[in-house]
Structure formats: C-alpha cells, structure tokens
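This report concerns only the one structure given below.
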Amino acid sequence: THTLAHTLAHTPTHPELYGGETQALRILDESMKNESWVASFEKPKGNPADFKPPATTRLSPYLKFGCLSARTFWWRLHDILKKYKNHSLPPVSLTGQLYWREFFYTMSYTIENFDKMAGNKTCKQINWQFNQAYLDAWTNSRTGYPWIDAAMAQLRQEGWMHHLARHSVACFLTRGDLYVSWEEGVKVFDRYLLDADWALNNGNWQWLSASCFFYQYFRVYHPVTFGQKYDKEGLYIRKYLPHLAKFPKEYIYEPWKAPKTVQERAGCIIGKDYPKPIVDHKEAMALNMSRMKAAYDAGKADASNEKPIEQKKRKHDREHVDEEGDIVSPEDMETREGSGDGNKKTIKKTKKETQAGGKQKSITEMFGKKKE
C-alpha cells in the first residue's frame with residue numbers, strides 16, 4: 003500500500019491537461035477554431051509522433067470526468083460540419099468518436115464479465131503467457147524498441163499518448179510480440195491514463211489484442227517501421243528517451259544496429275545504458291500468429307451449438323481470409339498495419355445488424371435538442 007505522498011509523486015502530469023469545466027471549454031474552443039481540420043478529421047489517421055501540438059482534440063479526459071458534456075461537444079461539431087458538404091463521416095469522423103464511446107458503453111453494460119477473458123462469451127479465449135519480466139520491461143520503457151519505449155515513457159510522464167501510439171504498444175504487448183494478456187495492459191493504462199475509462203479501456207484492449215470486435219490478428223504494428231514513417235528524424239524518441247537523443251537518425255529506431263563507435267559518441271551503450279531488443283520481432287510475430295490461429299481454431303471447434311460460419315478456402319495454411327474475403331499472407335501482414343479498415347468493416351456490419359433488429363434512434367433522441 004502506497005502513501006498519498008508516494009501516489010502523488012508518481013502521478014503523471016501533463017503540461018496542458020488539468021481539470022475543470024473552464025479548461026475543458028477552453029480546449030474545446032481551441033480545437034474547434036480550425037474548422038477545416040474538424041471537417042476532415044479521420045481516425046485512425048493522424049501523426050502519433052506529434053506532441054507540440056498534438057494531432058487530436060485532447061478532450062477525452064474532460065469527457066471522462068464530466069468536465070465536458072458529450073452533447074455540448076456533439077452540437078459544436080454539428081454546427082461546423084453543416085457548413086461543409088464533403089466532411090468526413092462516422093466511424094472515422096470526430097462525431098464517429100463519440101459514437102464509439104457510446105458503443106463501448108453499451109457493450110460494457112450488456113456483456114457479462116466485460117473486463118476479463120474468463121466468463122466473457124464475446125471474448126476470444128486465448129492462451130496468453132504471463133511473463134512478469136516482459137510486463138515490467140514494457141511498462142517501464144525497457145523493451146529495447148525506442149518507438150514502443152518512448153510511447154510508454156510519454157504515458158508515465160504525462161498520462162497521455164496519441165491513439166496510434168496506444169495501438170502500437172497494445173499490439174506489442176499482446177499478439178504482436180510479448181503475448182501477454184490484454185488484461186495486464188488494461189491495468190497499466192488504468193493506472194496512468196488521464197482519460198482511463200472502464201468501458202473504453204477494456205473494449206479497446208480487447209479490440210487491439212484481436213480478442214473481440216476486431217479479428218484480423220495477422221495485421222501487426224511493426225515496432226520500428228510504423229513510427230519511422232511518421233517521424234523519420236526520431237524527434238518523438240529524442241524527447242521521451244533523452245538518453246538516445248544523440249543517436250543519428252539512421253539508428254534512432256534501431257540503436258542496437260549502430261557500430262560501437264556511434265554508440266560511444268552518443269553516450270549510450272546498447273546492452274548497458276539501454277537494453278537490447280527484448281525479443282526478435284520477426285520471430286516473435288511468427289510464433290504469436292501460429293498461437294493466435296490455434297486459439298481461433300479451437301474457439302470454432304468449441305462453438306458446437308452455433309451455426310457454422312461459411313468461409314472461403316485458404317490456398318494453404320500460411321494464408322488467412324480477412325473480413326472481405328481477401329487472401330492475406332504473412333508476408334503482407336506488416337504492409338497493411340494500422341490502416342483502420344477493420345474499423346469501417348465492423349461498423350458496417352453493426353449498422354446492418356442494428357437496422358435488422360429494429361428502428362434506430364435519431365440523433366436528437368441520442369443527444370437531445372439543441373438549446374438556443
């Protein structure tokens with residue numbers, strides 16, 4: 003048990019995000035000033051390496067704590083979007099993000115044991131391998147992969163990170179590299195995130211671990227190239243991992259490949275001042291894909307009381323069929339990482355199922371009439 007002083011000393015502090023309705027409305031006004039950005043916003047697009055200014059509204063903590071009304075936010079968006087004929091649409095638009103919030107709230111209320119794998123009928127039963135050393139290294143920015151470690155350092159320092167950085171570290175901990183349960187990731191995010199929300203935190207971890215809602219487990223975020231394509235100079239890494247700041251850009255994402263002389267000039271010896279990679283990504287991913295396939299296949303075999311799902315035949319065991327019936331080989335996995343197509347496909351399916359089940363609520367019914 004920690005004392006209050008210990009807790010406060012280890013609480014992340016964001017330089018701009020602090021509580022209260024006044025601050026929430028100030029950030030809302032600031033975010034809504036750039037109307038063309040609001041109208042064209044699409045998630046998961048955006049630069050996860052942007053930290054000054056960040057590539058999102060930063061309003062989620064205020065929605066979580068009730069400092070900002072979801073209805074106020076929605077109507078502000080509505081007033082802007084009606085000016086633009088070709089604005090972005092749900093599920094990727096800013097209004098779509100509010101719908102996702104309601105989606106996960108609904109799921110968390112209706113699904114028993116939503117915050118765990120055991121007893122959760124909608125969650126894939128996967129034989130995750132608990133490894134305390136892996137979990138500690140991931141939490142404390144000691145995996146040896148600077149992109150992952152910088153994101154986790156930002157989380158611990160500021161209680162915040164871009165949604166694509168969250169995707170990267172979640173995939174790395176679970177199906178991508180370390181094969182540790184999503185439930186362990188939930189606990190760490192809940193401890194540090196300013197916007198930690200029980201429903202959204204558990205729902206998104208199930209999604210990103212391909213345990214529920216999203217099932218293309220072979221689409222993996224690469225711990226090197228994904229961050230590299232947004233920030234070739236490694237400015238994000240240099241900010242949050244200052245001990246790597248002097249590495250040239252050729253080695254900033256893979257410092258273990260730097261010659262000893264380069265490491266010495268940078269003042270950081272890999273294996274001493276900063277760890278070597280905790281796993282070989284290519285080998286770990288291949289092993290985890292076979293584990294995930296086995297878990298999925300076992301789940302299909304156990305679902306004896308459900309109607310069989312018709313699937314297209316695979317060309318061979320090393321290929322997979324995605325939700326649209328496209329054949330995706332392991333060689334293609336990392337070229338399609340993080341594209342967000344799965345979000346769109348899942349929403350389309352959910353919309354069809356909702357329409358088939360009955361009349362949908364109107365926007366006014368969901369968010370109320372606008373106050374003049």
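To convert a position in the sequence shown, counted from 1, into the working numbering, add 2. C-beta: ideal position from N, C-alpha, C; glycine also.
- request: Would you grab the beta carbon distance between GLY273 and GLN127 for me? Rounded to a whole angstrom, and I think it's under 8 Å.
  value: For this step, residue 273 is matched to residue 271 along the sequence shown. For this step, residue 127 is matched to residue 125 along the sequence shown. The Cβ separation is near 38 Å, so there is no contact.
message: Using only the alpha-carbon positions, how far apart do LYS234 and TYR181 sit?
response: The residue labelled residue 234 in the question sits at position 232 within the sequence shown. The residue labelled residue 181 in the question sits at position 179 within the sequence shown. C-alpha separation (whole angstroms): 28 Å.
- prompt: Buried or exposed: which applies to ARG267, given that a residue is buried once 16 or more other Cβ atoms fall within 10 Å of its Cβ?
  reply: The count along the sequence shown starts at 1 and reaches residue 267 at position 265. The residue in question, ARG267, is exposed, as its Cβ has fewer than 16 Cβ neighbours within 10 Å.
query: Can you tell me where the alpha helix (DSSP H) with MET287 in it begins and where it stops?
result: As a first step, residue 287 is located in the sequence shown; it is residue number 285 there, counting from the start. Start and end: 283-304.
query: Tell me which same chain residues have a C-beta within less than 7 Å of the C-beta of THR348, skipping the five on either side of it?
result: For this step, residue 348 is matched to residue 346 along the sequence shown. Low local confidence applies: a pLDDT of 40 at THR348 is under 50, so the model's placement there is unreliable, with the coordinate-based value given in what follows. Here the set comprises PHE215, PHE216.
task: Could you check if PRO55 is buried or exposed, using at least 16 other CB atoms within 10 Å of its CB as the buried criterion?
output: As a position in the sequence shown, residue 55 is number 53, starting the count at 1. By the neighbour-count rule (16 or more Cβ atoms within 10 Å), PRO55 is not buried but exposed.
field: Bridge-paired residues (DSSP) for ILE150
entry: The residue labelled residue 150 in the question sits at position 148 within the sequence shown. DSSP output for ILE150 lists no bridge partner at all.
- prompt: What's the C-alpha gap between HIS165 and TRP140?
  reply: By 1-based counting over the sequence shown, the position of residue 165 is 163. By 1-based counting over the sequence shown, the position of residue 140 is 138. Rounded to whole angstroms, HIS165 to TRP140 spans 17 Å at the Cα level.
- prompt: Just the Cα atoms here: how many angstroms apart are ILE239 and ALA303?
  reply: Taking the sequence shown and counting its residues from 1, one reaches residue 239 at position 237. Taking the sequence shown and counting its residues from 1, one reaches residue 303 at position 301. So the alpha carbons of these two residues sit roughly 44 Å apart.
Candidates ASN129, LEU196, ILE82, of which the one nearest SER33 by Cα: Residue mapping note: residue 33 aligns to position 31 of the sequence shown, counting from 1. Answer by Cα proximity: ILE82.
- request: Please go through the same chain and pick out, in chain order, the residues whose beta-carbon is closer than 7 Å to the beta-carbon of TRP130, but skip the five residues on each side of it.
  value: Here residue 130 corresponds to residue number 128 of the sequence shown, with the count starting at 1. Only TYR181, VAL182, SER183 meet the Cβ criterion.
- prompt: Going by other Cβ atoms of all chains shown within 10 Å of its Cβ, with 16 needed for buried, is PHE132 buried or exposed?
  reply: In the sequence shown, counting from the first residue as 1, residue 132 sits at position 130. The residue in question, PHE132, is exposed, as its Cβ has fewer than 16 Cβ neighbours within 10 Å.
- prompt: Got a sec? Which residues, its chain only, sit under 8 Å from PRO277 by beta carbon, not counting five neighbours each side?
  reply: If you number the sequence shown from 1, residue 277 lands on position 275. Answer for PRO277: ALA139, ARG144, THR145, GLY146, listed in chain order.
message: With distance defined between alpha-carbon atoms, name the residue in LEU96, LYS85, ALA57, SER90 nearest to ARG73.
response: Within the sequence shown, the letter at position 71 stands for residue 73. When only C-alpha atoms are compared, the closest one is LEU96.
task: Buried or exposed for ARG28, please, with buried defined as at least 16 other CB atoms from any protein chain shown within 10 angstroms of its CB.
output: Along the sequence shown, one-based indexing puts residue 28 at 26. Exposed, because fewer than 16 other Cβ atoms sit within 10 Å of the Cβ of ARG28.
- request: Find the nearest neighbour of PHE106 within the set GLU160, LYS295, GLN208, judged by alpha-carbon distance.
  value: The residue you call residue 106 lines up with position 104 of the sequence shown. Selected option, being the one with the closest Cα: GLN208.
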